[in-house]
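Q: In this text, residue positions in the sequence shown follow my numbering: the first is 35, and each later residue adds one.
Backbone N, C-alpha and C define an ideal beta-carbon position, used for all residues, glycine too.
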Amino acid sequence: MKTVKLNNGVEMPQLGFGVYQIPLNETAEAVYQAIKAGYRLIDTASIYGNEKETGEGIKRAIDEKLVTRKELFVTSKLFILQAPEAKATETIEQSLTTMGLDYLDLYLIHQPYGDIYGAWRAMCAAQKAGKLRAIGISNFKSAKMIEFVGLNEVKPQINQIEVNPWNQRIEDQEWHEKYDVQVEAWAPFAEGRHDLFTNSVLAEIGAQYGKTVGQVILRWLMQRGIIALAKSVRPERMAENIDIFDFELSKEDSKKITSLDTKESAFFDHDAPQQVEWFMNRMKETDK
Ligand SMILES: NC(=O)c1ccc[n+]([C@@H]2O[C@H](COP(=O)([O-])OP(=O)(O)OC[C@H]3O[C@@H](n4cnc5c(N)ncnc54)[C@H](OP(=O)(O)O)[C@@H]3O)[C@@H](O)[C@H]2O)c1
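Structure (structure tokens):
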């Protein structure tokens with residue numbers, strides 16, 4: 035698996051497996067199958083509610099000697115910290131316990147809301163204590179990322195943001211490169227929105243290389259130097275999505291993909307009032 039070196043020297047696999055929206059009773063099996071298919075980066079979050087099952091899939095793969103813990107790169111995320119800071123420390127401990135792990139390879143502030151500075155201080159302390167190998171942010175727009183870097187001593191290693199053919203984040207990637215914060219793509223397939231998997235431009239590009247639309251997208255992200263997470267509950271698609279290291283998109287084909295950019299989220303805007311309202315309600319629900 036190709037790796038990327040983060041700004042603190044930690045090596046991270048460039049392609050990973052995400053477990054968002056996988057039904058609870060399928061998560062452990064999906065994680066196990068993904069590891070079996072060759073994925074080493076596994077991405078979950080406390081708000082997905084499946085940290086436990088993710089940990090079970092990992093444990094089974096380790097017990098069956100498919101991999102060692104060291105060969106895996108496991109991510110989880112802190113949802114929204116209301117305060118006090120000690121609660122973030124507690125949440126990190128809770129994720130570790132729930133997943134049955136001694137350390138996480140990456141831990142992210144999931145959303146750009148709440149006490150992000152208190153959360154960051156707790157995460158820096160946990161990193162120093164060896165419980166988190168890398169730490170970062172998620173869903174921070176470039177302006178917010180720059181402010182966050184400017185106001186903290188420790189720079190985030192990662193910003194996990196939506197990147198897909200409809201929302202390519204080309205300028206955002208340039209800002210992240212300037213600040214040496216690695217971009218990681220969530221929803222690389224835009225969860226199939228706007229008929230992504232049957233898009234004629236992507237399908238025609240793929241046909242030239244004997245590859246599918248999904249493979250073209252993940253390869254395009256690899257060539258842009260972006261870390262990508264793909265999700266599938268189907269072993270045949272897990273195998274398809276990881277089979278992208280034996281071809282290279284030409285410059286013309288990459289340009290054709292660039293022409294698909296709408297520069298708009300296929301989901302929502304994190305600054306839209308109704309969206310922030312939705313997150314605040316979600317936060318209150320999870321705090322009960
Ligand atoms: N930080 C954040 O706020 C955030 C937000 C969203 C996601 N994420 C992370 O990013 C990961 C990936 O994003 P995502 O799960 O939202 O969406 P995604 O990976 O863009 O799309 C997943 C969808 O595509 C289908 N699919 C997968 N491979 C396919 C293929 N080769 N051909 C046709 N269909 C295929 C899957 O169906 P099947 O499962 O039926 O195959 C599923 O419906 C998540 O699992 C999560 O870890 C993070």
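1) For Ile150 and Gly43, what's the separation of their Cα atoms in angstroms?
2) Using a Cβ-based criterion (distance less than 6 Å to any ligand heavy atom), does Ser293 qualify as near ligand 1?
3) When the distance is taken between beta carbons, is Leu263 closer than 7 Å to Ala168?
4) Give the secondary structure of Pro47 by DSSP, where H, G and I count as helix, E and B as strand, and everything else as coil.
5) Quick one: what's got a C-beta closer than 6 Å to Gly91's C-beta in the same chain, skipping five residues either side?
6) Determine, using beta carbons only, whether Leu58 and Glu85 come nearer to each other than 7 Å.
7) With burial defined as no fewer than 16 other Cβ atoms inside 10 Å of the residue's Cβ, what is the status of Thr320: buried or exposed?
8) Of all the options Gly259, Ala163, Lys175 and Asn233, which has the alpha carbon lying nearest to the alpha carbon of Asp136?
9) How about Ile114 and Tyr147: do their beta carbons lie closer than 7 Å?
10) May I ask you to report which of helix, strand or coil DSSP gives Trp200?
11) Per the contact definition of three or more C-beta pairs closer than 8 Å, is the stretch 201-208 in contact with the stretch 230-237?
12) Cβ of Asp77 within 6 Å of any heavy atom in ligand 1?
13) For Lys265, which of Gly184, Lys178 and Phe51 has the nearest alpha-carbon?
14) Cutting at 8 Å between CB atoms, please list the residues of its own chain near Thr102, excluding the five before and the five after it.
15) Quick one: what does DSSP say Val108 is sitting in, helix, strand or coil?
16) The alpha helix (DSSP H) with Glu127 in it runs from where to where?
17) Give a single yes or no on whether Leu263 has its beta carbon closer than 6 Å to a heavy atom of ligand 1.
A: By the coordinates alone:
1) 24 Å
2) No - ligand 1 has no heavy atom lying nearer than 6 Å to the Cβ of Ser293.
3) no
4) strand
5) Ala62, Val65 and Tyr66
6) no
7) exposed
8) Ala163
9) yes
10) coil
11) no
12) yes
13) Residue Phe51 is the option with its Cα nearest to Lys265.
14) Ile96
15) strand
16) Glu119 to Met133
17) yes
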